[in-house]
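Numbering (the UniProt record's numbering), first residue to last: 1 to 379.
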């Protein structure tokens, strides 16, 4: 009799288990974790939510190490999602983009995709006006990272990149550590090691619209960049090697101003070449992560983003190539200049400009880079 009760109990448990549905509890930003669960190249993808005691939420997928959503309070205390992206892994896979991605091996452009290391010329993929952009068409933004959620506020992503990955040399193990702090900052630490001389330049490519409404352009945002010089580009977006002063040019953000103030001044050759702002500024911070590198504020929401980094440069990109053909989260159409990207980095094409800070990583060395996105409100 007891055996019959036991068998009946087991059967009931099995039936209950079979009838259980996967966790479909939505994130604060309205994402369904189930929509991020699939297999890419035999690796499992997922969505990871970081939350702090202040109520801020950051959602990240290990597909491309992407920040998918960032929920922060506006001046009225209403939570707003301030980054562009998609609400399913299928869209990230099927619609090529850099939204929120952890870029590697080399953020930004390398001239004609050619580098010379230890006397050997290496040809990388040419995927942007003849140049290698963001590690090539199969860069890390399209790969799956191993994910380990350490606690409610911390996520560690690891990527093993084999020798010859997009023709970059060396077996590289890279890590991206996301930490959501209690004062509403996303602290991103990058590290990497190699067994052969190679180059590394990682960044986060989040597209920010601090109004919380990406259907509207972000050109009303007030931008400050702590930089007296920048690196001009030619009409293929490649740095010329020149370092130019920002003073008395539309590139000067040492006094905060609206992004739109000068962005359409195509009489200024650099804005014409960049189709707007798509340039690297040389930071005055000299690697001091306690000094502010850039600041962006939405006059509509009052949400402010401060950027801190140990990197020598920052790329400001104003979503110039968004063209209204892509629909993002909640079906929102992303039009031109719907966002501002603030990508901390070494300078574009540094491997071919030896006078610039080196991006070479040798065996026995560890690459370290840090970027802090700190959010607050100006009322």
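The beta carbon of each residue, even a glycine, is placed where N, CA and C say it ideally should be.
Problem set entry | Touch test, the stretch 267–285 against the stretch 316–327, Cβ-Cβ under 8 Å, three pairs minimum | yes
Problem set entry | Where residue 169 sits in the DSSP three-state scheme | coil
Exercise. Shortest alpha-carbon distance to residue 396 belongs to which of 26, 25 and 30?
Worked result: There is no way to answer for residue 396, as the model of the chain reaches only from 1 to 379.
For this session: Report back the beta-carbon spacing between residue 101 and residue 77 to the nearest angstrom; my notes put them in contact at under 8 Å.
Result: The Cβ separation is near 30 Å, so there is no contact.
Problem set entry | Proximity below 8 Å, CB of residue 301 to CB of residue 75 | yes
For this session: Please state if the CB of residue 82 and the CB of residue 210 are separated by a distance shorter than 8 Å.
Result: yes
Problem set entry | Spatial neighbours of residue 324 in its chain, beta-carbon cut-off 6 Å, leaving aside the 5 residues before and after | 333 and 335
Exercise. So, residue 413 versus residue 245, is the Cβ gap smaller than 8 Å?
Worked result: The structure shown does not extend to residue 413, since the chain is modelled only from 1 through 379, so no value can be given for it.
Problem set entry | Cut-off 6 Å between Cβ atoms - residues of its own chain near residue 38, not counting five sequence neighbours on either side | 45 and 89
Problem set entry | Buried or exposed (CB count within 10 angstroms, at least 16 for buried), residue 232 | buried
Exercise. Going by DSSP, which residues form a beta bridge with residue 294?
Worked result: 225 and 307
Exercise. Do residue 343 and residue 205 have their CB atoms nearer than 8 Å?
Worked result: yes
For this session: From the DSSP output, in three-state form, read off residue 66 for me.
Result: strand
Problem set entry | Selection from 142, 120, 33 and 122 that minimises the alpha carbon distance to residue 41 | 142
Problem set entry | Sub-8 Å separation of residue 292 and residue 72 beta-carbons | no
For this session: Answer yes if the stretch 346–365 comes into contact with the stretch 235–244, meaning at least three C-beta pairs across the two stretches below 8 Å, and no otherwise.
Result: yes
Exercise. Buried or exposed: which applies to residue 103, given that a residue is buried once 16 or more other Cβ atoms fall within 10 Å of its Cβ?
Worked result: buried
Exercise. Going by the CB atoms, is the gap between residue 230 and residue 84 shorter than 8 Å?
Worked result: no
For this session: Please list the segments of the beta strand (DSSP E) lying wholly inside the stretch 73–155, counting only runs of 3 or more residues, in order along the chain.
Result: 79–81, 101–103, 114–117, 120–123 and 146–151
Exercise. According to DSSP, is residue 235 helix, strand or coil?
Worked result: coil
Exercise. On the three-state DSSP scale, how would you describe residue 206?
Worked result: coil
For this session: Inspect the CB distances between the stretch 183–198 and the stretch 360–378 and report whether three or more fall short of 8 Å.
Result: yes
Exercise. Are residue 123 and residue 167 closer than 8 Å when you measure CB to CB?
Worked result: yes
For this session: Please classify residue 199: does DSSP put it in a helix, a strand, or coil?
Result: strand
Problem set entry | Contacting residues, own chain, Cβ-Cβ under 6 Å from residue 177 (five flanking each side not counted) | 156 and 189
Exercise. Where does residue 439 sit, in a helix, a strand or coil, going by DSSP?
Worked result: This structure cannot settle anything about residue 439, because the visible part of the chain is limited to 1 through 379.
Problem set entry | Where residue 352 falls: helix, strand or coil (DSSP) | helix
For this session: Return the Cβ separation of residue 337 and residue 219 in integer angstroms, given the expectation that the two are a contact with Cβ distance under 8 Å.
Result: 5 Å
Problem set entry | Inter-residue Cα distance where the pair is residue 70 and residue 86 | 12 Å
Exercise. Going straight from the alpha carbon of residue 153 to that of residue 35, what length do you get?
Worked result: 22 Å
Exercise. Below 8 Å between beta carbons: does that hold for residue 198 and residue 172?
Worked result: yes
Exercise. Expressed to the nearest angstrom, what Euclidean distance is found between the alpha-carbon atoms of residue 120 and residue 353?
Worked result: 16 Å
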